[in-house]
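Trainee: After the structure tokens below, expect a handful of questions from me.
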Amino acid sequence: MEQFIDTLPKVELHVHLEGTLEPALMFRLAERNGIDLPYPDVDSVRAAYEFKDLQSFLNLYYNGARVLQTEQDFYDLTWAYLRRCADENVVHTEMFFDPQTHTERGIPFETVVRGIARARADAEAQLGLSTGLILCFLRDLSEESAIETFRTALPWREHFVGIGLDSAETGHPPEKFERVFAMVRDEGFHIVAHAGEEGPPEYIWQAVRRLGVERVDHGVQCTGDAELVEHLRRAQTPLTVCPLANVKLKVFDRIEEHNLPRLLEAGLKVTINSDDPAYFGGYMNANFRAVAQAFDLDRDTLRGFTRNAIDTAFVDDQRRRELYALLDAA
Ligand code: HPA
Ligand code: ZN
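Once you know that position 141 of the sequence shown is 130 in our numbering, the rest is easy, because the numbers rise by one and skip nothing.
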């Protein structure tokens, strides 16, 4: 099964670029930029990655992101992740980035976008994979800040396919961002949002009904509302499930307790993703292996995760056909 998973073409729809910052690169960039890290070495960074919930993770994650300063830093970050994708047979990936995490520290928006764009271009040319970029608003900041970010981003619009919503979920419901997502819709972007990672089913309803999301990021809390599950099944709204992330952030205590089997039994359109692989202990293959082993999933189910992701990727018809062909040939 391990070999089957390694060679299976995979499509990732939920990964935060800032969450691919490996401790070794964090140290290298800290040194390059003269930034003090609160850790003596790489091993103690890893040892600090014990989280009790989403917020305890976000504190470390935003602290780690401070080492990202220059266009080259964003290039190096993105390139390292895309190399890893190529190694793991990830043939298409749609990456989140959080501009406010950087602009709030005085890093210009264009520094971030330029570095990421150059790495994407190199990866597409040299590694043969396709990529998309999704700009996320931080939900613990104000809607005004999201609107300002969106205005700053618009001149760079050819660089991203969609807009999302992430960061601290509890107390920051999707409806807080209804006006900015109306602007986003008017501009014709794809829309996604984190909802139902820790937050209640009501937040998933809001993401669907009030923001108009095409995919729900995480969404695992939907099983607390039978009517919602039925809605998501009928609409075949994709859920970008991140199994190892859910265990690391104690949404489920153990992988065996993850509700993936319930989601599948309910007929929901599930994809498997890595979220913040440098922090949660695994990229795509590790996530596939974890669920395959915990739930004794067969090959058709694993192939189905890739098929679902291809169905819902923000790509043009030609690339979608190519991705199906890669899967069929495997
Ligand atoms: N949830 C919410 N926001 C995030 C996450 C997550 O898992 N990772 C990075 N930002
Ligand atoms: Zn996420």
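Note that CB positions come from ideal geometry on N, CA and C, so glycine has one too.
Pop quiz: I123 and V150 are said to be a contact at Cβ under 8 Å. What is the actual Cβ separation, rounded to whole angstroms?
Mentor: The pair is a contact, with the Cβ atoms about 7 Å apart (cut-off 8 Å).
Trainee: Using beta-carbon positions only, say whether A298 and I(-6) come within less than 8 Å of one another.
Mentor: Not a contact, by the Cβ cut-off of 8 Å.
Trainee: Identify whether M84 lies in helix, strand or coil by the three-state DSSP scheme.
Mentor: Correct three-state label for M84: strand.
Trainee: When you compare the segment 111 to 123 with the segment 71 to 80, are there three or more beta-carbon pairs, one atom per stretch, that lie closer than 8 Å?
Mentor: Output reads yes: the segment 71 to 80 touches the segment 111 to 123.
Trainee: Per DSSP, A182 forms a beta bridge with which residues?
Mentor: V205.
Trainee: By the three-class DSSP mapping on this structure, what secondary structure does F149 have?
Mentor: Coil, per DSSP.
Trainee: Which residues are close to the ligand ZN, meaning CB closer than 6 Å to any heavy atom, in chain order?
Mentor: Ordered along the chain, the selected set is H3, H5, D155, H183, D206 and D264.
Trainee: From the DSSP output, which residues share a beta bridge with L127?
Mentor: D155.
Trainee: Where do the N-terminal and C-terminal ends of the alpha helix (DSSP H) with V259 fall, by residue?
Mentor: Unbroken run through V259 is the beta strand (DSSP E), K258 to I261; no alpha helix (DSSP H).
Trainee: Taking all protein chains shown into account, do 16 or more other C-beta atoms lie within 10 angstroms of the C-beta of K41, making it buried, or fewer, making it exposed?
Mentor: With fewer than 16 Cβ atoms within 10 Å of its Cβ, K41 is classed as exposed.
Trainee: With a cut-off of 8 Å on the beta carbons, I'd call G53 and L10 a contact; round off their distance for me.
Mentor: With 8 Å as the limit, G53 and L10 qualify as a contact, their Cβ atoms being about 6 Å apart.
Trainee: Can you tell me whether A184 is buried or exposed, with buried defined as 16 or more other CB within 10 angstroms of its CB?
Mentor: Answer is buried; the Cβ neighbour count reaches 16.
Trainee: Does DSSP put D287 in a helix, in a strand, or in coil?
Mentor: In this structure, D287 counts as coil in the three-state DSSP scheme.
Trainee: DSSP three-state call for T229: helix, strand or coil?
Mentor: Reduced to three states, the DSSP call for T229 is strand.
Trainee: Answer yes or no: the CB of A234 versus the heavy atoms of the ligand HPA, is any distance below 7 Å?
Mentor: Yes, since a heavy atom of the ligand HPA falls inside the 7 Å radius drawn around the Cβ of A234.
Trainee: Pick helix, strand or coil for D306, following the three-state DSSP scheme.
Mentor: Note: D306 maps to helix in three-state DSSP.
Trainee: Provide the residue span of the beta strand (DSSP E) that contains V0, from first to last.
Mentor: It spans K(-1) to H5 - the beta strand (DSSP E) in which V0 sits, taken as one unbroken run.
Trainee: Is G8 near the ligand HPA, with its Cβ less than 7 Å from a heavy atom?
Mentor: Yes, Cβ of G8 sits closer than 7 Å to a heavy atom of the ligand HPA.
Trainee: Between L253 and the ligand HPA, is the CB less than 7 Å from at least one heavy atom?
Mentor: Incorrect: L253 has no Cβ contact closer than 7 Å to the ligand HPA.
Trainee: Let me check one thing: in DSSP terms, what residues is V101 bridge-paired to?
Mentor: None, per the DSSP bridge assignment.
Trainee: How many Å lie between Y51 and S156 at the Cα?
Mentor: Y51 and S156: Cα-Cα distance of roughly 10 Å.
Trainee: With a 10 Å radius around its C-beta and 16 neighbouring C-beta atoms as the bar for buried, classify D206 as buried or exposed.
Mentor: Buried.
Trainee: Going by DSSP, name the residue or residues bridged to G121.
Mentor: DSSP lists E83 as partners of G121.
Trainee: For the alpha helix (DSSP H) containing R73, name the first residue and the last one.
Mentor: Residues E60 to D76.
Trainee: Would you call the segment 270 to 284 and the segment 234 to 252 touching, i.e. three or more CB-CB distances under 8 Å?
Mentor: Verdict: yes, contact present.
Trainee: Name, in chain order, the residues that DSSP records as bridge partners for D264.
Mentor: DSSP lists V4 as partners of D264.
Trainee: Does at least one heavy atom of the ligand HPA sit under 7 Å from the Cβ of L130?
Mentor: The answer is no for L130.
Trainee: Using the rule of at least 16 other Cβ atoms within 10 Å of the residue's Cβ for burial, across every protein chain shown, is D265 buried or exposed?
Mentor: So D265 counts as buried.
Trainee: May I ask which residues mark the beginning and end of the alpha helix (DSSP H) holding E132?
Mentor: It spans E132 to A142 - the alpha helix (DSSP H) in which E132 sits, taken as one unbroken run.
Trainee: How would you label S263, buried or exposed, when you count the other beta carbons within 10 angstroms and need 16 or more for buried?
Mentor: Counting Cβ neighbours within 10 Å, S263 comes out buried, since at least 16 surround it.
Trainee: Kindly indicate the opening and closing residues of the alpha helix (DSSP H) around V173.
Mentor: Here the alpha helix (DSSP H) through V173 covers E167 to D175.
Trainee: Going by beta carbon distance, what residues of the same chain come within less than 8 Å of Q195, once the five residues before and after it are set aside?
Mentor: Answer for Q195: P162, P163, E164 and A184, listed in chain order.
Trainee: Helix or strand or just coil, what does DSSP make of F40?
Mentor: Note: F40 maps to coil in three-state DSSP.
Trainee: What number of angstroms, rounded off, separates the C-alpha of A275 from the C-alpha of E(-9)?
Mentor: Spanning the two alpha carbons is a distance of roughly 9 Å.
Trainee: Between which two residues does the alpha helix (DSSP H) holding M15 run?
Mentor: From DSSP, the alpha helix (DSSP H) with M15 extends over P12 to N22.
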